[in-house]
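Quick note: the sequence shown uses my numbering, first residue 395, plus one each step.
Presented below is the structure to which this report refers.
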Amino acid sequence: MMPDTDHDGIPDLVELSGIRDRNGGVIADLPALGADPCRKTIVLQADYMADARHSHRPKPDAITLVRNAFDAAPVKAENPCPYPGTHRDGVGFVYLQGTQLPEQAAMGLADDSDFRDARTADFGRLRPVAASAARPWRARRGRGGAGPARSSWW
Numbered sequence: 395m396m397p398d399t400d401h402d403g404i405p406d407l408v409e410l411s412g413i414r415d416r417n418g419g420v421i422a423d424l425p426a427l428g429a430d431p432c433r434k435t436i437v438l439q440a441d442y443m444a445d446a447r448h449s450h451r452p453k454p455d456a457i458t459l460v461r462n463a464f465d466a467a468p469v470k471a472e473n474p475c476p477y478p479g480t481h482r483d484g485v486g487f488v489y490l491q492g493t494q495l496p497e498q499a500a501m502g503l504a505d506d507s508d509f510r511d512a513r514t515a516d517f518g519r520l521r522p523v524a525a526s527a528a529r530p531w532r533a534r535r536g537r538g539g540a541g542p543a544r545s546s547w548w
């Protein structure tokens with residue numbers, strides 16, 4: 395099992411070097427986006443629906459509000475921390491923009507394959523981290539209108 399100093403479910407290696415594909419290419423530069431192995435971090439990728447008239451893409455101001463709320467959370471950074479640098483209290487929030495999905499009136503969860511098909515088509519781009527980051531990391535991803543989807547990366 396890989397070290398997870400802050401016990402947030404994201405291995406230190408991933409918080410220090412980002413999410414990478416099987417060839418070592420960076421998929422998400424988590425350190426540049428604020429991930430810290432000594433400060434709890436939440437990583438969210440949210441897909442959204444859109445059409446020619448409008449979009450449900452999260453607005454930057456809304457992402458900032460969420461980031462600020464987590465940043466102000468009364469959660470202490472790990473101390474001592476085995477990594478150099480300043481480690482702030484609070485919770486880090488990393489937002490990864492998801493995929494635009496075609497607008498539709500409903501996306502079913504029970505007997506409808508729309509949700510599963512959309513999730514499967516997009517989830518594959520982050521899946522390679524499972525091979526390189528080991529077992530403990532779990533991802534939670536929301537989809538517009540469909541509620542949260544969960545997936546264990548082990």
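C-beta atoms are modelled at their ideal positions from N, C-alpha and C, and glycine is treated no differently.
The structure displayed is predicted, hence computed values, not measured ones.
Using DSSP with H/G/I as helix, E/B as strand and the rest coil, what is T493? Residue mapping note: residue 493 aligns to position 99 of the sequence shown, counting from 1. Of the three classes helix, strand and coil, the one that applies to T493 here is strand, per DSSP.
Go through its chain and collect everything with a Cβ distance to P454's Cβ below 8 Å, but skip five positions before and after it. The sequence position of residue 454 within the sequence shown is 60, counting from 1. Nothing listed; no residue qualifies.
State the beta-bridge partners of V420 as determined by DSSP. Position 26 of the sequence shown holds residue 420. DSSP lists R414 as partners of V420.
According to DSSP, which residues form a beta bridge with I436? In the sequence shown, counting from the first residue as 1, residue 436 sits at position 42. Bridge partners of I436: F487.
For V460 versus Y489, is the C-beta spacing smaller than 9 Å? Residue mapping note: residue 460 aligns to position 66 of the sequence shown, counting from 1. Residue mapping note: residue 489 aligns to position 95 of the sequence shown, counting from 1. Yes, the pair counts as a contact, with Cβ atoms nearer than the cut-off.
Return yes when the Cβ of A471 is within less than 9 Å of the Cβ of D398, no when it is not. Residue numbering aside, residue 398 sits at position 4 when the sequence shown is read from its first letter. Residue numbering aside, residue 471 sits at position 77 when the sequence shown is read from its first letter. In this structure, A471 does not lie closer than 9 Å to D398 by Cβ.
Assess, as a yes-or-no matter, whether the region 470-487 is touched by the region 413-431 under the definition of 3 or more beta carbon pairs within less than 8 Å. yes
From the DSSP output, which residues share a beta bridge with Y442? The residue given as residue 442 occupies position 48 in the sequence shown. DSSP output for Y442 lists Q494 as bridge partner(s).
Taking the alpha carbon of A426 as the point to measure from, which residue in N417, R416, G412 and G419 has its own alpha carbon closest? If you number the sequence shown from 1, residue 426 lands on position 32. With distances taken between Cα atoms, A426 lies closest to G412.
Which class does D398 belong to by DSSP, given the choice of helix, strand or coil? One-based indexing of the sequence shown puts residue 398 at position 4. Three-state result, D398: coil.
Using CA coordinates, which residue listed in A499, D465 and R451 is at the minimum distance from G492? Residue mapping note: residue 492 aligns to position 98 of the sequence shown, counting from 1. Per the Cα distances, R451.
Buried or exposed: where does M501 fall if 16 or more other Cβ atoms within 10 Å of its Cβ makes it buried? Taking the first residue of the sequence shown as position 1, residue 501 is located at position 107. Flag for M501 reads buried.
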